[in-house]
Structure formats: structure tokens, C-alpha cells
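Undergrad: If you count the sequence shown from 1, position 128 lands on 111 in our numbering, and the numbers rise without skipping.
Have a look at the structure that comes next, please.
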Amino acid sequence: MPKGNIGGIIGAIAAVIVVAIIAAGSWYTVDQTERGVKLRYGAVIGTAQPGLGFKLPLIDTVEKVSVKTLTYTWDKMNSYSFDQQPADLKISVTLRASPEKVADLYAKFGGLDTAVKQVVSPAVNQQVKIVFGRYTAVKAIQERGPLNSAIKDAITASLKDDPMITIESVQLENIEFSANYLHSIEQRMLAEVEVQKLQQNAEREKVQAQITVTQATAKANAVRAEAQAAADALRLNGEAKATNIRITGEAEAAAIEARAKALGTNPNLVTLVQAERWNGVLPTTMVPGSSVPFVSVK
């Protein structure tokens, strides 16, 4: 094969390769969960949206930055409560890169992880210590929800002037106090339970005493009422008997008075009464010289 033909073939192959390289480097794709940062000779010139895009081959490049929601965790963050109790806190922060600020984020930090390490992490450490230091150990346990909200508000406020990162949520996952403090809390809770138990017993005894007093009062009232009823019955019975005796006496007195008047006006009334009461039987024995009853000898 002539040398000229060989050279032509090599040149054609090289041209095809160059064209292929140029063609391959003239387009790019960006996923929906990403944003692209356009660079020209390493300098930021714009932002690439999701989808297919084109660029100058060998001159422009596109760096992709994730805008997905991600969760970063800070474990065993040593802090002190208001009453100087040491504790290890576990904090998780859910965040994302602001899509409209990815060019600034890339220009300043080169990526989200670096931005979190240099901006978010110091803010989290500082604000957690500040907010936790406002709570006593007991209050931090009892008011876990308000403490969590206060930490989130503090972290969000500290990053409000840096809109490249959006904080979506903050979770206080765990508060771990020292073993000595946990033991003291346990002992105090046991003491409080014992006090409550004694108070309940005292209250129960008080109620029982009130029940006893009520029952005794009711019984005394019943006895008093029964005695009063008996006394009233006895009094009424006596009054009834006295009235009966009085009426009987008055009747007898009236009868005696009537008989006395009758005897005064009719002396033979006694003989009449005797005759009325005689049963018609004559005496079997008579004193000599005496007269037969009710028979006049004249």
C-alpha cells in the first residue's frame, strides 16, 4: 500500500477520534436531585438545571452538586447543663443545599459536605452548648420537646445569613448523663415515690377516720332518736292513762253525786236498788227475830 494512502487513513481515523471527543464533550445531563455548576477554565459561569445541556468541548465543564435532603449526625457532643451536670448529646440535622445557591456553594466550598463541615458543624456545636446550658438537668429531661425546638431555632437563626444551606429539621435524639447523676436521679425518684406513698397512706387514714366519725355520729343519732321516741311513747301513754283515770274519776264522782241527790229526794231508792240486784234466793240461815229481806212486816 502506498505511503500516501496509509497517511490518509491515519489522518481520517484521527479526525474521527477528534470529532468523537468533541461531540462527547459538548453535552451533559443533570439529574433531578442535582444542580450543575458550569465552569469555564475553572471559573464559575452559571448553573445547569436538570436535564440535557450543551457546553463548549474542552473549554467548559459541569460539576454536579446534590440538592437532596440529607441528614448529618453529631454524636456525643459534650455539654453542661445549667446546674453543671455533664452530658453527651446526640443531634441530627436534616438539611439540603439551596438549588438557587449551588453556584455560590461550589465557589466557596467546592461541595455540600465541605460546607457542612465548615459552616453547619461549628454552628451546631456552639448553639447546642448555649441552649442546653440554659436548662437544668431535670428540666432538660422533663421538657425534652421545648429543648429540641429551642436548639432548632438557635441553629436556624445562626445560619440565616448564609442561605446556601436550608435547615429542614433538628432532632435531639439522646441525652446521656453521667452514671453518678443517673444514680442520684433514681434515688431521688425512689424517695419521691416513698413520700407519695406515705401521703397516700395518711390520706387514706384520714378518710377512714372521717368514715368512722360519720358512722359513730349516725349511730348516736339513731340511738338518740330511738330513746326520744321511747320517751315520747312513754309520755303519751302516761298522759293517756292519766286522762283515762281523770275521766273515770269524774264519771264516778258524777255518778256518786247523782245517787246522793237521788237518795236525798227518794229514801226508798236504796231498797229499790237492793231489790233490783237480788237474785231471788232467800237466805238458808236467819237470825231469830230478823225479817226476810225485801219483805216488809208491816
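Every residue gets a Cβ at the ideal spot worked out from N, C-alpha and C, and that includes glycine.
Please read these numbers as outputs of a predicted model, since none were measured by experiment.
Mind reading off the beta-carbon distance from Q68 to F160? Whole number of angstroms is fine, and I expect it under 8 angstroms.
TA: Contact flag correct, Cβ pair sits at about 6 angstroms.
Undergrad: Specify, as a first and last residue, the run of the beta strand (DSSP E) that V13 falls within.
TA: V13 -> beta strand (DSSP E) spans 10 to 13.
Undergrad: Which partner residues does K73 have in the DSSP bridge list?
TA: BP columns for K73 point to N157.
Undergrad: Am I right that V50 and A80 are in contact with their C-beta atoms under 8 angstroms? What's the rounded C-beta distance?
TA: Confirmed, Cβ separation roughly 5 angstroms.
Undergrad: Counting beta carbon pairs with one atom in the region 115 to 133 and one in the region 143 to 150, are three or more of them shorter than 8 angstroms?
TA: No: the two stretches stay apart, fewer than three of their Cβ pairs being nearer than 8 angstroms.
Undergrad: Per the contact definition of three or more C-beta pairs closer than 8 angstroms, is the region 94 to 109 in contact with the region 40 to 54?
TA: Touching, per the Cβ criterion.
Undergrad: Relative to the C-alpha of V99, which candidate in S75, R117, Y118, E83 has its C-alpha closest?
TA: Closest by alpha carbon: S75.
Undergrad: Would L72 and S62 qualify as a contact pair, given that the criterion is a beta-carbon distance under 7 angstroms?
TA: Cβ distance < 7 angstroms, so L72 and S62 count as in contact.
Undergrad: Taking Cβ to Cβ, would you say Q110 is nearer than 7 angstroms to I138?
TA: Closer than 7 angstroms, so yes.
Undergrad: Considering only DSSP beta bridges, list what F37 is partnered with.
TA: Answer by DSSP bridge pairing, in chain order: W10.
Undergrad: Could you say which of V264, Y24, D136, T197 lies nearest to L41 if we only look at CA atoms?
TA: It is Y24 whose Cα lies nearest to the Cα of L41.
Undergrad: Looking at the secondary structure, which residues open and close the beta strand (DSSP E) in which S64 lies?
TA: No beta strand (DSSP E) holds S64; DSSP gives it neither H nor E.
Undergrad: Output needed for T12: all residues of its chain with C-beta closer than 6 angstroms, excluding positions within five of it in sequence on either side, in chain order.
TA: Counting only Cβ-Cβ distances below 6 angstroms, and skipping sequence neighbours, we find L35.
Undergrad: Determine the contact status of R18 and P105, defining contact as a CB-CB distance below 7 angstroms.
TA: Not a contact, by the Cβ cut-off of 7 angstroms.
Undergrad: What's the gap between the Cα of N227 and the Cα of T195?
TA: The straight-line gap from Cα to Cα measures roughly 47 angstroms.
Undergrad: Kindly give me the distance between the Cβ atoms of A133 and V114, rounded to whole angstroms, as I take these residues to be in contact under 8 angstroms.
TA: Contact flag correct, Cβ pair sits at about 5 angstroms.
Undergrad: Taking DSSP's pairing of strands, which residues face V45 in a bridge?
TA: For V45, which the question treats as bridged, DSSP gives the partners K21.
Undergrad: When the distance is taken between beta carbons, is V107 closer than 7 angstroms to W57?
TA: Their beta carbons are under 7 angstroms apart, which means W57 touches V107 by this criterion.
Undergrad: Please state the DSSP three-state secondary structure of K281.
TA: Residue confidence is low: K281 scores 45 on pLDDT, short of 50, so the model does not pin down where it sits. No coordinate-derived value is stated.
Undergrad: How many Å lie between A26 and D87 at the Cα?
TA: Their Cα atoms are separated by approximately 12 angstroms.
Undergrad: How big is the Cα-Cα spacing for V176 and E156?
TA: V176 and E156: Cα-Cα distance of roughly 28 angstroms.
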